[in-house]
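Each number in our numbering corresponds to the 1-based position in the sequence shown with 8 added. The beta carbon of each residue, even a glycine, is placed where N, CA and C say it ideally should be. Small disclaimer: the values here were computed from a predicted structure and weren't measured.
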Amino acid sequence: MEDFEQHQGSERAVLVSVSVQILQDLDQEEFRLLAKSAGADILEHVQAQRVKPDPKYFIGSGKAEEIAELVKAIEADIVIFDHSLSPSQERNLERVIQCRVIDRTRLILDIFAQRARTHEGKLQVELAQLDHLSSRLVGGRMGLDSQKGGIGLRGPGETQLETDRRLLRLRISQLKEKLEKVRLTRIQGRAARQKASIPTVSLVGYTNAGKSTLFNILAESDVYAADQLFATLDPTLRRLNWDGIGALVLADTVGFVRNLAHALVDSFKATLEETLEATLLLHVIDSSSPDMLEQIEAVEKVLKEIGTDVPILRVYNKIDQSGEDAKIIYAKPHQPDRVYVSAHSSQGLDLLKQAVQECLMGQIQSFDVVLKPEYGKLRTQLYALNVIQAERHDDLGHLILRVNMAPQKLEQLIRQAHLPLDEILGMKAEQFKRPLEEFEIED
């Protein structure tokens, strides 16, 4: 295989989309966004149709020659295909076109390599890249298939190609061991959170749906967010206090795309592990996208593939662009199914917090809480949850708080403080009949 010089900076690219009858058609605009996210300067977008892929060139020899002439005329650096190519197809195309040729999988891997910031993210990227490369180590340079020889070197040995493959297998094994240690560390962290009864809410969704922007607003964080695909790769967790809930862990995960190769899903499964153990998933959806339904289907398909069995609240984002009103849609009374918000304009974020509170804690009710002066700690906790609507004193000097919150959370706070339910809630204490043993007492 010839070696082609890699251009520094933005690479001048020719995109190739092929509509194949026996394969699912891909989103061409998403393909262009992927290329731009990788830093490509798109010169031309070639489109072709075939009944089935050509085994040698995928697009056929005639179309390959046509692209070769185009590349030469416009001095392109790279040709990017919006389908997965076999190693032999890549090599054959490079011989004809005389420049670097990559497929959709290598394009996404390149974006992942640019986005990875943490140690774990970089390990995941390298593993996926080496897995992809291992199937393409065939005649990569002159002499790879020639046996070592010469004075002092004759006898049993291995080809350079075999050496490269052995080193690749060794490195892949090392990476998997390191990622397993990271995974075990994550499991320990999750176990500690579960023991402390801290719920985890994970944001998932199609790439560029606005997950990271929403995450930054909710968590008052500064996770990298941009109008590009795969702006977030590494899973990011933040602990925060949520109105009516208290301590909560919010997790931002890598975005999804359609037709993501199974090898990529497997290699980056660790980035999605937070979804497997989450208490609630917020499926962030771009409500302004013309492909909204297809994107929802793509996300739910991957969630099913990785075995996620977690309650899901759909969050329809970007209503400032789609023209929808901020609202909560309930599947049945007090069970939110959809929330319409805009992370950009902050519309509906109060409704989102209310919906999350209802999903995690149950129906929100109003209570008059009667507190003696010595019950000041409970008052402080209720103020920290931001659930107090009004405060007054009765004739006996007791503090009466009007609170709006889930009964489950209020009962939990009272029992953990070892305070009498009847005295604090009056007649409404009758609805709480579960034994004390059900509640974990925190020091």
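Return helix, strand or coil for residue i, following the three-state DSSP convention.
i, result
"Phe223", "helix"
"Gln371", "coil"
"Ala392", "helix"
"Ser350", "strand"
"Asp376", "strand"
"Pro428", "coil"
"Gly356", "coil"
"Gly213", "strand"
"Pro207", "coil"
"Thr261", "coil"
"Val22", "strand"
"Leu131", "helix"
"Leu248", "strand"
"Gln416", "helix"
"Gln106", "coil"
"Glu228", "coil"
"Gly384", "helix"
Give me the Cα-Cα distance between residue i and residue j, rounded to the nearest whole angstrom.
i, j, result
"Ala56", "Ile67", "8 Å"
"Leu258", "Val318", "15 Å"
"Asp111", "Leu93", "6 Å"
"Asp452", "Gly254", "As shown, the chain starts at 9 and ends at 451. That puts residue 452 outside it, with no answer to give."
"Lys417", "Leu379", "17 Å"
"Arg174", "Leu187", "20 Å"
"Gly70", "Val24", "14 Å"
"Asn249", "Leu226", "10 Å"
"Asp5", "Thr244", "It is not possible to answer for residue 5, since the shown part of the chain is limited to 9 through 451."
"Ala84", "Cys367", "53 Å"
Please name the residue in the options whose C-alpha comes closest to that of residue i.
i, options, result
"Leu427", "Ile206, Glu382 and Val54", "Glu382"
"Arg177", "Gly70, Leu357 and Asp139", "Asp139"
"Phe264", "Pro298, Arg423, Asn216 and Leu289", "Asn216"
"Asp376", "Lys436, Gln196 and Val323", "Lys436"
"Lys361", "Gln373, Val347 and His352", "Val347"
"Thr221", "Thr193, Asp333, Ala392 and Ile293", "Ile293"
"Leu42", "Val307, Leu256, Lys60 and Ala21", "Ala21"
"Asp333", "His342, Glu185 and Ser354", "Ser354"
"Glu52", "Arg58, Pro61, Gln36 and Asp62", "Gln36"
"Leu386", "Glu419, Thr316 and Ala414", "Glu419"
"Ser210", "Thr316, Asp85 and Gln122", "Thr316"
"Arg410", "Tyr214, Val395 and Leu78", "Val395"
"Thr287", "Ile320, Ser45, Thr261 and Ser374", "Ile320"
Regarding residue i and the ligand COA, is the C-beta to nearest heavy atom distance less than 7 Å?
i, result
"Asp345", "Only the bare structure without any ligand can be found here, which leaves the ligand COA out of the picture."
Ordered list of alpha helix (DSSP H) runs contained in the stretch 40–96, each at least 4 residues: 69–82
Cβ contact check for the stretch 127–138 and the stretch 91–100: 3 or more pairs under 8 Å: Not touching, per the Cβ criterion.
Secondary structure, alpha helix (DSSP H): runs of 4+ residues fully inside the stretch 273–342: 281–284, 300–313 and 327–330
Pairing CB atoms from the stretch 325–333 with CB atoms from the stretch 286–305, are three or more of them under 8 Å? yes
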